Structures are given as structure tokens and as C-alpha cells.
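Report on the structure given below.
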Amino acid sequence: MTTRARQCFPLPIGAPLFPSPPSAFREVTCVGALLRLPEGVARQLVAEPLEPLDDLLYVNWMYAGDVDGYKDMHIIDMTVPVEYEGTVGRHCALEYIDCVWGMSIGRELWSFPKKTGAIVWEESDDGIHLECRPVDRLTVGAPEESLIVEMDFRFGDADAEAGADWPQQFGVADEAPYLQVRQVMAEDRTSARAEVVRVGMSYGEFHESRAGTGTLQVQDGPQDPVASMLGRVEVLGARMDRMEFDFAPDDDAGSVIGSVEIAAEQGRS
Numbered sequence: 002m003t004t005r006a007r008q009c010f011p012l013p014i015g016a017p018l019f020p021s022p023p024s025a026f027r028e029v030t031c032v033g034a035l036l037r038l039p040e041g042v043a044r045q046l047v048a049e050p051l052e053p054l055d056d057l058l059y060v061n062w063m064y065a066g067d068v069d070g071y072k073d074m075h076i077i078d079m080t081v082p083v084e085y086e087g088t089v090g091r092h093c094a095l096e097y098i099d100c101v102w103g104m105s106i107g108r109e110l111w112s113f114p115k116k117t118g119a120i121v122w123e124e125s126d127d128g129i130h131l132e133c134r135p136v137d138r139l140t141v142g143a144p145e146e147s148l149i150v151e152m153d154f155r156f157g158d159a160d161a162e163a164g165a166d167w168p169q170q171f172g173v174a175d176e177a178p179y180l181q182v183r184q185v186m187a188e189d190r191t192s193a194r195a196e197v198v199r200v201g202m203s204y205g206e207f208h209e210s211r212a213g214t215g216t217l218q219v220q221d222g223p224q225d226p227v228a229s230m231l232g233r234v235e236v237l238g239a240r241m242d243r244m245e246f247d248f249a250p251d252d253d254a255g256s257v258i259g260s261v262e263i264a265a266e267q268g269r270s
């Protein structure tokens, strides 16, 4: 018979680094670019058993002035429209964030492929200049790596409707859930399973949406060969949104909507 080890202090279920959702995102500005990928590339970016809906990629940059007391947070994520057994959503293939708290909660609870990065956000009267460089923020004094993503967004007509046809082009609505894949190793380590995690979104109030034009360049980094993976991309449109919202998933740990067995060598503990 086995018994639980005695603990001097009660331990929380999940990671102790962050409070449970919802998380209040305030003073938020997002800049997005909708990209057309070469044929077949989306399949390489999507984790099985998800299926891509089209060879499209949405690159979203976000600045949040305050998130539950964390100030001046920056994020860049790359998402693909996907489907799993009738559920349509978006799959985050890669994300960089300059806040260790945000990286921890996203990776542990919902299997977002988050990494730390140094993000440049320079806003002017004409538009916004953006840069992302990977960096190991867990190592004191670690240098920033080479530039891997750079974007210039230019404001369009203030009266233009921003991204009015994007849900139709992208295949999923702005408020669609994320579908992520969490790999779980069996106890005997001879097999594993891939769990499909549905992370629902709760949006708040949009203050401004503005269409514009954008240019985007990508380069290979030492860990993420972004340019080699994406190939030659076409920018279909660009937009800027100012908003505030509460990130409140349906379930704090995400809802598992399906799973498949995978080869043991593919599993991760």
C-alpha cells in the first residue's frame, strides 16, 4: 500500500507562479497581419491531430499596459486556422513574450508554445514599428539573439472598417477558441497521447479598430528557423485594434476535447 507524502505546507494544484484566471488585460493595442503561406506550409506548423483549414497565418503583436499588475507586457504569436472533429478554432504555432509570468501560465495550463523574447514597439503618428528577438530571460545576463521577425504597420483611413472580411478569409472569427495539443507520456514511458485542449476566449470592449498596410520580414533564429519554415509569404491585410478584455478560458486548465495515441519517441514527460 502507498500513502501520500506528508507536506508541511499545502501545495496548489497547478503552477504556484501565477493566480488562477481570469486575467484582466488593460490598455491593450494589437497589430495584426494576415499572411498567405506557400501550399502545404500550414500542415507543417500544426500539431497532430489538428487539421489546417487553409495555408494562412495570422501574426499578432500585442502590447498590454497592465495585466493583473504586470506592466508593459509585449507578445507576438503566430496562429493557423484549424479544425478537430467539427470544432473550428485557431492554433498557436509559436509565441514570444517578454514576461516570465505570461510564459509560465500559458505553457503549463494550455500548452501554448511560449518563449521569452525581447520585443521592440515604437509607435508614431504614422504607424507602429515592431521587432522580436529571442532571449533567455531565465539566465542572468543572457544576450539577446538575432532579429527574427520585423513588421512596419502604417495607419490607414481612420473611417475604414478594419479587417471586415478577415473572419471569412482566415476561416475563424476573432473570438474563436484556441486549439492546442498537450503531449502526455504514459507512466511506463512506452507510449504517449496527444490531448487536444480547447481554450475559449472572452473579449471585452473594443475602443478602436483601424485598417492599414503592413510589411513583414522573417529570418531564421538559432532555435526557430522561422524564415525556412514559412517560406515566401504574402501580406493580405493589416489591422490595429485598441481594447481591453478579460482572458477567461472556459476551464482554468483548458477543456480536453479529444486525444490520440502517439509513438513513444514523440512523447514528452
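Numbering (this note's numbering), first residue to last: 2 to 270. Each residue gets a CB set at the ideal place from its N, CA and C atoms; glycine is no exception. It should be emphasised that the depicted structure is a prediction, and the values quoted were computed from it without experimental measurement.
- prompt: Hey, Ala48 and Val261: beta-carbon distance below 8 angstroms or not?
  reply: As a first step, residue 48 is located in the sequence shown; it is residue number 47 there, counting from the start. As a first step, residue 261 is located in the sequence shown; it is residue number 260 there, counting from the start. Between Ala48 and Val261, the C-beta gap is not smaller than 8 angstroms, which leaves the two residues out of contact.
field: Selection from Pro82, Ala249 and Gly70 that minimises the alpha carbon distance to Leu36
entry: Looking up residue 36 in the sequence shown gives position 35. The shortest C-alpha to C-alpha distance from Leu36 to any of Pro82, Ala249 and Gly70 is the one to Pro82.
message: So, with DSSP's three-state summary, where would you put Gln220?
response: As a working note, residue 220 is residue 219 in the sequence shown. Note: Gln220 maps to coil in three-state DSSP.
message: Distance check for Tyr71 and Gly33, CA to CA, integer angstroms please.
response: Along the sequence shown, one-based indexing puts residue 33 at 32. Along the sequence shown, one-based indexing puts residue 71 at 70. Distance between the alpha carbons of Gly33 and Tyr71: 23 angstroms.
- request: With a threshold of 16 other CB atoms inside 10 Å of the CB of Asp135, please say whether the residue is buried or exposed.
  value: Counting from 1 along the sequence shown, the entry for residue 135 is found at position 134. Just to set this straight, residue 135 is Pro in the shown sequence, not Asp. With 16 or more other Cβ atoms within 10 Å, it is buried.
query: So Glu291 packs on Asp67, CB below 8 angstroms; how close in whole Å?
result: Nothing about residue 291 can be reported from this structure: the residues present for the chain run from 2 to 270 only.
task: Within 10 angstroms of the Cβ of Gln267, are there 16 or more other Cβ atoms? Answer buried if so, exposed if not.
output: The residue labelled residue 267 in the question sits at position 266 within the sequence shown. A caution first: Gln267 carries a pLDDT of 47, below 50, which makes its placement in the model unreliable, though a value can still be read off. Gln267 comes out exposed.
query: Nearest-angstrom Cα distance between Ser147 and Gly222?
result: One-based indexing of the sequence shown puts residue 147 at position 146. One-based indexing of the sequence shown puts residue 222 at position 221. If you take the alpha carbons of Ser147 and Gly222, they lie about 6 angstroms apart.
- prompt: Given a threshold of 16 other Cβ atoms within 10 Å of its Cβ, counted over all protein chains shown, does Pro1 qualify as buried or as exposed?
  reply: For the chain, the structure presents residues 2 to 270; residue 1 sits outside this window and is missing.
- prompt: Looking at C-beta atoms only, is the number of pairs between the stretch 220-238 and the stretch 183-192 that lie closer than 8 angstroms three or more?
  reply: Two segments are said to touch when three or more pairs of C-beta atoms, one from each, lie closer than 8 angstroms; by this definition the stretch 220-238 does not touch the stretch 183-192.
- prompt: Roughly how many whole angstroms lie between the Cα atoms of Thr1 and Gly103?
  reply: Any question about residue 1 goes unanswered here, given that the chain covers just 2 to 270.
As assigned by DSSP and simplified to three states, the class of Val47: Residue mapping note: residue 47 aligns to position 46 of the sequence shown, counting from 1. Coil, per DSSP.
- prompt: Cα separation between Arg44 and Ile258?
  reply: Position 43 of the sequence shown, counted from the first residue, corresponds to residue 44. Position 257 of the sequence shown, counted from the first residue, corresponds to residue 258. In this structure, the straight-line span from the alpha carbon of Arg44 to that of Ile258 is close to 21 angstroms.
query: By the 10 Å Cβ neighbour count, where 16 or more other Cβ atoms means buried, how is Glu132 classified, buried or exposed?
result: The residue labelled residue 132 in the question sits at position 131 within the sequence shown. Glu132 should be labelled buried.
message: Looking only at its chain, what residues have a beta carbon closer than 6 angstroms to the beta carbon of Glu151, apart from the 5 residues adjacent to it on each side?
response: The sequence position of residue 151 within the sequence shown is 150, counting from 1. Counting only Cβ-Cβ distances below 6 angstroms, and skipping sequence neighbours, we find Glu132 and Gln218.
- prompt: Do Met74 and Cys100 come within 8 angstroms of each other at the CB atom, strictly closer than that value?
  reply: By 1-based counting over the sequence shown, the position of residue 100 is 99. By 1-based counting over the sequence shown, the position of residue 74 is 73. Yes.
- prompt: Would DSSP call Val60 helix, strand or coil?
  reply: The residue you call residue 60 lines up with position 59 of the sequence shown. Val60: strand per DSSP, three-state reduction.
message: For Gly107, report the span of its alpha helix (DSSP H) as first-last.
response: Locating residue 107 in the sequence shown gives position 106, where the first residue counts as 1. Here the alpha helix (DSSP H) through Gly107 covers Val101 to Trp111.
- request: Look up Val234 in the DSSP assignment and say whether it is helix, strand or coil.
  value: In the sequence shown, counting from the first residue as 1, residue 234 sits at position 233. Here Val234 carries a coil assignment [DSSP, helix/strand/coil].
- request: Pull up the DSSP beta-bridge partners for Met202, would you.
  value: Position 201 of the sequence shown, counted from the first residue, corresponds to residue 202. None, per the DSSP bridge assignment.
field: Same chain, Cβ closer than 6 angstroms to Arg243, five either side skipped, listed in chain order
entry: Position 242 of the sequence shown holds residue 243. Cβ within range, chain order: Thr30, His208 and Glu209.
Status (buried if at least 16 other CB within 10 Å, exposed otherwise) for Gly41: Position 40 of the sequence shown holds residue 41. With fewer than 16 other Cβ atoms from the protein chains shown falling within 10 Å of its own Cβ, Gly41 counts as exposed.
task: Assign Ala34 to one of three DSSP states: helix, strand, or coil.
output: As a position in the sequence shown, residue 34 is number 33, starting the count at 1. If DSSP states are grouped into helix, strand and coil, Ala34 belongs with the strands.
query: Where Val121 and Glu196 are concerned, what is the direct C-alpha to C-alpha distance, given to the nearest angstrom?
result: Translated into positions along the sequence shown, residue 121 becomes position 120. Translated into positions along the sequence shown, residue 196 becomes position 195. About 34 angstroms.
- request: Report the three-state DSSP secondary structure of Ala25 (helix, strand or coil).
  value: In the sequence shown, the residue the question calls residue 25 occupies position 24. Under the three-state reduction of DSSP, Ala25 is assigned to strand.
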